[in-house]
Amino acid sequence: KQEVTQIPAALSVPEGENLVLNCSFTDSAIYNLQWFRQDPGKGLTSLLLIQSSQREQTSGRLNASLDKSSGRSTLYIAASQPGDSATYLCAVGAGGNKLVFGAGTILRVKS
Amino acid sequence: GAGVSQSPSNKVTEKGKDVELRCDPISGHTALYWYRQSLGQGLEFLIYFQGNSAPDKSGLPSDRFSAERTGGSVSTLTIQRTQQEDSAVYLCASSTGQVGARGYTFGSGTRLTVV
């Protein structure tokens, strides 16, 4: 059974700092891995999608990497801003097109 | 439509009542999913529809939960005889449904509170 773990559970950083969020999964047989952002009381916004054949994806200040063999992904946020404060969710595309989610990392960027 | 639309955005119901939650996926997306997010927990898969295939209901927590998708588009999730533990945010997502698809688009969810 695929399990996804995210570390840390919560993170508080000063504005401008670079930071890394970690995601690990137990079964390397995945189709893709996706990072989402969730603001309080809102749905999920897709940030980056990495296919199983890819190593990384970049969008603006965000960079996500994937090491399928070791079951790990990282989300790197450069020059963090208060507007980046949210919960970040990692999800792997498993069999049957389901997504298996981690519990998320709550990020707070202090101004 | 431009995005995944869910209604209602909030629903408060009395224990024992039935509720219906609606999801209108992105036009042309053949795959539709329902997930549940309970307070302080990750998202839990409920059910998956793909085109005209039989749905994957493996995530439904009990027989009080059911879902249908009419005409390959709009989906309704029904919870019968609601219990307090059913209180959660119910999220719907759609995708192109292909392996290695471009990703999933989520709606804003329905926050269900059972009192």
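Protein chains in written order, with the working numbering: chain A, 138 to 248; chain B, 2 to 116.
Ideal Cβ positions, reconstructed from N, Cα and C, are used throughout, including at glycine.
Do you know how far the Cα of residue j is from the Cα of residue i?
i: B/V13; j: B/V116; result: 7 Å
i: B/N11; j: B/L113; result: 6 Å
i: A/S248; j: A/Q218; result: 8 Å
i: B/S63; j: A/G153; result: 47 Å
i: A/I214; j: A/E193; result: 13 Å
i: B/D1; j: A/P151; result: The structure shown does not extend to residue 1 of chain B, since chain B is modelled only from 2 through 116, so no value can be given for it.
i: B/T79; j: A/A201; result: 37 Å
i: B/A89; j: B/S59; result: 19 Å
i: A/S149; j: B/G73; result: 44 Å
i: A/D164; j: A/A231; result: 9 Å
i: A/T242; j: B/E21; result: 31 Å
i: A/G208; j: B/Q81; result: 39 Å
i: B/T97; j: B/Q84; result: 34 Å
Using the rule of at least 16 other Cβ atoms within 10 Å of the residue's Cβ for burial, across every protein chain shown, is residue i buried or exposed?
i: B/G101; result: Because B/G101 carries a pLDDT of 47, less than 50, the predicted location of this residue cannot be relied on, and no value is offered for it.
i: A/L236; result: buried
i: B/L40; result: exposed
i: B/G17; result: exposed
i: B/A55; result: exposed
i: A/V157; result: exposed
i: A/N169; result: buried
i: B/A3; result: exposed
i: A/D176; result: exposed
i: A/I167; result: buried
i: B/R70; result: buried
i: A/V246; result: buried
i: A/I144; result: exposed
i: B/T106; result: buried
i: B/A68; result: buried
i: B/Q38; result: buried
i: A/S110; result: This structure leaves residue 110 of chain A out entirely; chain A is present only between 138 and 248.
i: A/D204; result: exposed
i: B/D19; result: exposed
What span of residues does the beta strand (DSSP E) with residue i cover, start to end?
i: B/I80; result: 76–80
i: A/D204; result: 199–204
i: B/Y49; result: 44–51
i: A/E143; result: A quick correction: the sequence has Gln, not Glu, at residue 143 of chain A. Segment 141–144, the beta strand (DSSP E) holding A/Q143.
i: A/N169; result: 169–175
i: B/T31; result: No beta strand (DSSP E) holds B/T31; DSSP gives it neither H nor E.
i: B/P9; result: Run containing B/P9: none; DSSP gives neither H nor E here.
i: B/R70; result: 66–70
i: A/L184; result: 181–188
i: A/T224; result: 223–230
i: B/D25; result: 20–25
i: A/L236; result: 236–238
i: A/K247; result: 242–247
Can you tell me which residues form a DSSP beta bridge with residue i?
i: B/T106; result: B/S95
i: A/S161; result: A/T142, A/R209
i: A/T195; result: A/N200
i: B/T111; result: B/Y91
i: B/Q38; result: B/L44, B/V90
Taking 7 Å as the cut-off, is the beta-carbon of residue i closer than that to any non-hydrogen atom of the ligand FMN?
i: A/G153; result: Of ligands this structure carries none, so the ligand FMN is not represented either.
### Task
May I ask you to list, following chain order, the residues of the region 42–57 of chain B that have a beta carbon less than 9 Å from some beta carbon of chain A?
Q42, G43, L44, E45, F46, Y49, Q51, D57
Which residues, taken in chain order from the region 102–116 of chain B, show a beta carbon closer than 9 Å to some beta carbon of chain A? Those would be A102, R103, G104, Y105, T106, F107, G108, S109, G110, R112, in chain order.
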